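For the record, the sequence lines run as chains V and H.
Going by UniProt numbering, the first sequence opens with residue 1, and the numbers climb by one from there.
Going by UniProt numbering, the second sequence opens with residue 1, and the numbers climb by one from there.
Number of protein chains: 2
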Amino acid sequence: MTIQKRRERERAERERLIVTAARELAEAEGWDAVTTRRLADEIEYSQPVLYSHFKGKGAIMAAVAVQGCEELAGELRAARTAAGSAREALAAVGRAYTAFARRRPALYDVIFTLDVDLPFATPEAPAALQDAFGELLQAVQPIAAEGEDMGALTETYWAGLHGLVTLMRSGRLPEEAHERRLGLFIGHFVPQGTD
Amino acid sequence: MTIQKRRERERAERERLIVTAARELAEAEGWDAVTTRRLADEIEYSQPVLYSHFKGKGAIMAAVAVQGCEELAGELRAARTAAGSAREALAAVGRAYTAFARRRPALYDVIFTLDVDLPFATPEAPAALQDAFGELLQAVQPIAAEGEDMGALTETYWAGLHGLVTLMRSGRLPEEAHERRLGLFIGHFVPQGTD
DNA sequence: CGTCGATTTCTAGCAGCGCTAGGGACAAGA
DNA sequence: TCTTGTCCCTAGCGCTGCTAGAAATCGACG
């Protein structure tokens, strides 16, 4: 009984260890450096142990993605609630989003660019993903015009931010003009004369 | 002399063959299926031959990207010049861009998402890339407000399209609402009351 | 206390990847 | 015919994600 419990606890602990190691390794050296052998070394177990916890490397990455998304959702919420007006809130959330992407590129990639089979845009999507989207939704809501599709509008805002971030991070947009582009995007997104 | 020329011609021919094979394989089965072994099989030469033409797999992908970008630039231009008003032209270019991404996902990926060390956003960027960007620029120009930074504005428009496309294609945005999102994006991008 | 049975973990290996060293075939010139 | 130089292929390196099967460990029971 207690033995069983202890084992489960230890297993859960080790699982956390794997996810943490993957995350730290990715943040330090990028996802290319995260190989199953390297990860096994890091946690001081052999490779097959990883597969007794996760279906494969993709599942480990998905776990990191969920963790990262919780962090993102928190930062978006903080930015939104700290802002004064609705307009400022939208801008603040946009800035927080792109700032997250730049500060934590590995996390951003595993959530939003690498394919890692997490369910998105469905009820089965992890809570963290829905929370993050919810933050965007709440920021977009007040500036929506009468009768606009809120979901689609939020998705559109999100996509704009995502595009700015990914093109910049892949070297396709010059880094130095990021703030200007972001300002233009947010400015064009808010209907003129909205408070 | 003539022998030399014939050899050079044959070499150039084989190089074209490699790029075409890579492109077709990628379009048919995705870039994961494009391995150097598979490519060598396809062109009926051994693997090392590829490396006598290109520095590596990345260089082959870059060549495909340039080809694909020429195609994209052509489609953007056609869309732009066929439109009536400036506003319609911007919308048409946006639709043409996302349509290209959906119709030729492998080409789109190699140009805009996979990293393939092509110089972007510099004078050394291949002409095809500059042409495609130029088409966007010409579509954005007429709807820009007084004194707006044209380059940054175009980049922002591009980023929005790119975000919509990549999030949708990776399954993060539901496919069915694409048209609605695209309409919202373009609508918000054009300042109210612009002709 | 010693042995059995089950669970856990490791060693070793598979098939694939991008890439390359070195040798053999083949054609052009003496 | 023999040499020279070019071209191309075979074979292999070190790496990847992943897994089968042996080994070791630990709890339970006689």
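Quick reminder that beta carbons are idealized off the backbone N, C-alpha and C, glycines included.
From a predicted model like this one, the values you see are computed outputs, not experimental measurements.
Would you mind sorting residue i into buried or exposed? The rule is 16 or more other CB atoms within 10 Å of its CB.
i	result
H/V64	buried
V/Y108	buried
H/G163	buried
V/E155	buried
H/Q47	exposed
residue 259 of chain H	Since the displayed chain H opens at 1 and closes at 195, residue 259 of chain H lies outside it and no answer follows.
H/E10	exposed
V/D195	The predicted position of V/D195 is uncertain, since its pLDDT is 46 and thus under 50; no value can be drawn from it.
V/T81	exposed
H/Q67	buried
V/R181	buried
H/W84	Here residue 84 of chain H is Gly; the residue named in the question, Trp, does not match the sequence. It counts as exposed.
Please report whether the beta-carbon of residue i lies at a distance below 8 Å from any beta-carbon of chain V.
i	result
residue 237 of chain H	Since the displayed chain H opens at 1 and closes at 195, residue 237 of chain H lies outside it and no answer follows.
Quick check: is the beta carbon of residue i nearer than 8 Å to any beta carbon in chain H?
i	result
V/A63	no
V/R180	yes
V/D109	no
V/L50	no
V/L76	no
Residues of chain V with a CB under 7 Å from the CB of residue i: which are they?
i	result
H/H188	H188, F189
H/A121	R172, L173, P174
For a test of the three-state rule: what should DSSP assign to residue i, helix, strand or coil?
i	result
H/F112	helix
H/L173	coil
H/K57	helix
V/A63	helix
H/D117	coil
H/S85	coil
H/P126	coil
V/D149	coil
H/Y45	coil
H/A144	coil
H/R104	coil
V/G30	coil
V/T20	helix
V/T35	coil
V/D195	For V/D195, the pLDDT reaches just 46, beneath the cut-off of 50, and the residue's location in the model is therefore unreliable, leaving the point undetermined.
H/V190	coil
Residue i versus chain V: which residues are under 9 Å apart at the beta carbon?
i	result
H/A177	D149, G151, A152, E155
Chain V partners of residue i, CB-CB under 8 Å?
i	result
H/L25	The contacting residues do not exist; H/L25 stays about 20 Å from chain V at best.
H/F185	T156, A159, G160
List, in chain order, every chain H residue whose beta-carbon is nearer than 9 Å to that of residue i.
i	result
V/F112	T166, L167, S170, R172
V/D115	S170, G171
ask   = Which of the residues in the region 126-159 of chain H, read from start to end, lie with their CB under 8 Å from any CB of chain V?
value = E148, D149, G151, A152, L153, E155, T156, W158, A159
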